[in-house]
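In this note's numbering, the protein residues as written are 7 to 584. Glycine included, every Cβ here is placed at the ideal spot set by N, Cα and C. Quick caveat, the model's predicted, so the values are computed rather than measured.
Below is the structure:
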């Protein structure tokens with residue numbers, strides 16, 4: 007039985023660094039490798055024992071490294087007021103033609119490409135963003151997406167929509183509130199529309215003022231105008247509902263149920279076991295990722311922060327390459343990781359690096375330099391506690407890396423990737439000082455660079471693909487498909503070992519991973535999930551080769567030791583009853 011396949015293992019290793027053959031990183035790594043030759047890699051470099059030593063050794067190689075690193079510069083999709091205005095006008099034509107769906111798509115482009123209010127007064131008098139939001143709110147109203155419509159109206163007003171046309175927004179707001187059954191808010195909105203219309207009649211012309219006033223008064227009279235509260239409440243768009251774990255939370259692992267705990271053994275390392283009887287359907291883990299990254303192919307369809315599918319996105323104030331489902335998600339991202347990644351997003355994607363490399367970077371950018379400097383002295387101490395339960399960065403830092411089994415050339419490539427990402431951080435002012443010293447890295451840079459190398463190792467074995475399930479209709483699971491949208495690191499779930507006949511199935515709600523039992527377990531049983539190959543669909547040789555090459559272990563689960571047949575090889579005469 008084939009287990010270890012060096013060629014396939016090397017291929018599995020390489021795609022965790024570079025997944026796009028069109029990018030420049032692979033050429034960079036090959037150029038450095040050819041320059042220093044295999045004797046240096048397998049000799050001097052192979053003898054190095056710490057990531058800081060590896061980082062320093064590669065940094066000191068000279069021009070073959072710095073020739074590329076010195077070319078790192080901002081590369082991102084910038085805002086364009088002319089393009090935003092063009093897309094908005096196209097959307098207006100589709101609205102006039104009775105096609106709000108196509109108008110919405112064009113409005114989304116207009117909103118994402120629009121610069122902040124006042125940034126480009128040469129187009130739309132600097133109002134491209136708020137005008138785009140206003141037109142999009144009409145598209146959403148016609149599509150009966152009333153909560154999204156209200157959100158756009160409120161944002162358009164905050165962005166400075168012209169006062170003399172603002173009555174249109176409040177009119178639209180009143181209609182949406184009416185359709186949502188919120189009659190008091192509808193009354194307020196229509197009354198405000200009437201008030202603003204009266205104040206603006208000199209600017210909009212007498213004919214429009216009179217006709218609009220009559221129509222508004224008719225709509226308002228249908229609701230009654232007796233109560234006129236002035237305060238309008240924001241209407242947040244509801245996100246997906248995240249489930250809770252069964253039987254209460256484990257106090258030592260807040261993302262897990264009391265039904266499980268983590269133990270360890272020399273043979274299996276750390277793994278999860280049942281503390282009581284687990285029934286089929288029990289929710290064992292509900293966990294937010296420590297860090298997660300959206301696939302570049304999903305930048306235009308999913309929220310960059312929470313990964314939900316977009317309806318009416320909002321953009322970053324500086325770049326046009328990504329989108330968010332709400333201002334809340336946008337502000338959280340811009341206040342943490344995106345302030346460092348924003349101007350380098352196209353460079354990162356263009357390098358061809360894998361999503362795991364971006365995740366290795368995101369683990370740093372989401373928290374900032376001081377967060378890691380503050381725990382520098384304690385990380386090694388936490389590494390000496392192999393049974394430490396998940397909770398914070400230390401539990402991610404302690405995940406398995408298989409550093410003692412890693413080939414020197416693989417270490418070399420991961421170190422070069424770390425230097426590229428480190429250079430991006432330098433240019434993005436992550437270190438708060440302008441560093442461009444080609445002779446040596448500062449102590450802080452060496453430390454952060456060594457963390458990147460460690461991230462690149464541990465993510466190879468511990469990251470989870472994040473997917474959404476696509477169904478033709480709600481709850482119609484037959485024929486459903488999974489769409490891979492991103493990658494996350496989940497410290498609690500990383501404690502669960504693989505089994506080709508798993509006890510758990512996983513799915514995602516936004517970025518949250520949910521593990522549920524698919525068969526009953528007794529106290530003390532191993533609570534396992536599945537890393538990919540499952541016995542019902544893949545034969546033993548395939549599973550062993552995949553797990554050995556991808557995750558570097560030989561599976562000894564019951565399905566493997568007994569060589570259980572796949573479903574398509576089962577026959578009626580092989581049934582055994584006992």
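Hey, is residue i close to the ligand NAD, as in C-beta under 7 Å from one of its heavy atoms?
i, result
"residue 319", "Among the components of this structure there are no ligands whatsoever, and the ligand NAD is therefore not found."
Residue i bridges to which residues according to DSSP?
i, result
"residue 532", "279"
"residue 476", "487"
"residue 270", "276"
"residue 359", "24"
"residue 289", "522"
"residue 513", "520"
"residue 320", "330"
"residue 259", "256"
"residue 493", "299 and 471"
"residue 308", "315"
"residue 325", "84"
"residue 527", "284"
"residue 504", "535"
Looking only at its own chain, which residues have a Cβ that is under 8 Å from the Cβ of residue i, when we skip the five neighbours before and after it?
i, result
"residue 362", "22, 23, 462, 465, 466, 469 and 493"
"residue 378", "370, 399, 453, 454 and 457"
Identify, in the order they occur along the chain, each residue of the same chain with its Cβ nearer than 6 Å to the Cβ of residue i, setting aside the five sequence neighbours on each side.
i, result
"residue 236", "Unreliable positioning characterises residue 236 in this predicted model, as indicated by a pLDDT of 44, which lies under 50. The coordinate reading is nonetheless provided below. Result list for residue 236: empty, nothing under 6 Å."
"residue 198", "176"
"residue 17", "none"
"residue 163", "none"
Short check: CB of residue i to CB of residue j, under 8 Å?
i, j, result
"residue 61", "residue 425", "yes"
"residue 264", "residue 281", "yes"
"residue 109", "residue 97", "yes"
"residue 429", "residue 78", "yes"
"residue 220", "residue 261", "no"
"residue 166", "residue 196", "no"
"residue 502", "residue 285", "no"
"residue 357", "residue 29", "yes"
Give me the residue from the options with the minimum Cα distance to residue i.
i, options, result
"residue 81", "218, 352 and 566", "352"
"residue 572", "290, 69, 507 and 246", "507"
"residue 249", "517, 372 and 348", "517"
"residue 419", "47, 29 and 27", "47"
"residue 66", "434, 471, 368 and 447", "447"
"residue 531", "258, 568, 168 and 505", "505"
"residue 382", "449, 496 and 151", "449"
"residue 68", "41, 410 and 93", "41"
"residue 311", "277, 274 and 365", "365"
"residue 349", "74, 324, 409 and 64", "324"
"residue 300", "252, 272, 332 and 360", "360"
"residue 105", "317, 144 and 52", "144"
"residue 525", "288, 345 and 217", "288"
"residue 490", "307, 218, 184 and 64", "307"
"residue 406", "512, 161, 276 and 484", "276"
Going straight from the alpha carbon of residue i to that of residue j, what length do you get?
i, j, result
"residue 575", "residue 521", "29 Å"
"residue 11", "residue 546", "15 Å"
"residue 107", "residue 186", "20 Å"
"residue 140", "residue 25", "40 Å"
"residue 85", "residue 432", "24 Å"
"residue 392", "residue 269", "Confidence is the limiting factor: at residue 392 the pLDDT is only 48, short of 50, which leaves the residue's position unreliable and the question unanswerable from this model."
"residue 488", "residue 335", "24 Å"
"residue 7", "residue 375", "Note that residue 7 has pLDDT 38, beneath the 50 cutoff, so the model's placement of it is unreliable and the number below is only indicative. Distance between the alpha carbons of residue 7 and residue 375 is about 48 Å."
"residue 309", "residue 315", "6 Å"
"residue 20", "residue 423", "12 Å"
"residue 368", "residue 475", "25 Å"
"residue 479", "residue 560", "40 Å"
"residue 523", "residue 534", "9 Å"
"residue 100", "residue 57", "57 Å"
"residue 566", "residue 541", "8 Å"
"residue 305", "residue 200", "41 Å"
"residue 214", "residue 245", "39 Å"
"residue 50", "residue 472", "39 Å"
"residue 44", "residue 14", "20 Å"
"residue 258", "residue 303", "37 Å"
"residue 384", "residue 510", "34 Å"
"residue 496", "residue 52", "31 Å"
Spatial neighbours of residue i within its chain, please: C-beta separation below 7 Å, excluding the five flanking residues on both sides.
i, result
"residue 118", "319, 321, 326 and 329"
"residue 233", "With a pLDDT of only 46 at residue 233, under the threshold of 50, the placement of this residue in the model should not be trusted; the figure read from the coordinates follows. For residue 233, where only same-chain residues beyond five positions count, the Cβ hits under 7 Å are 190 and 193."
"residue 170", "206, 209 and 210"
"residue 88", "129"
"residue 340", "322"
"residue 556", "18"
"residue 459", "57, 60, 61, 420, 421 and 424"
Return no unless some Cβ of chain B is closer than 8 Å to the Cβ of residue i.
i, result
"residue 415", "This model lacks chain B altogether, as it is built from one protein chain only."
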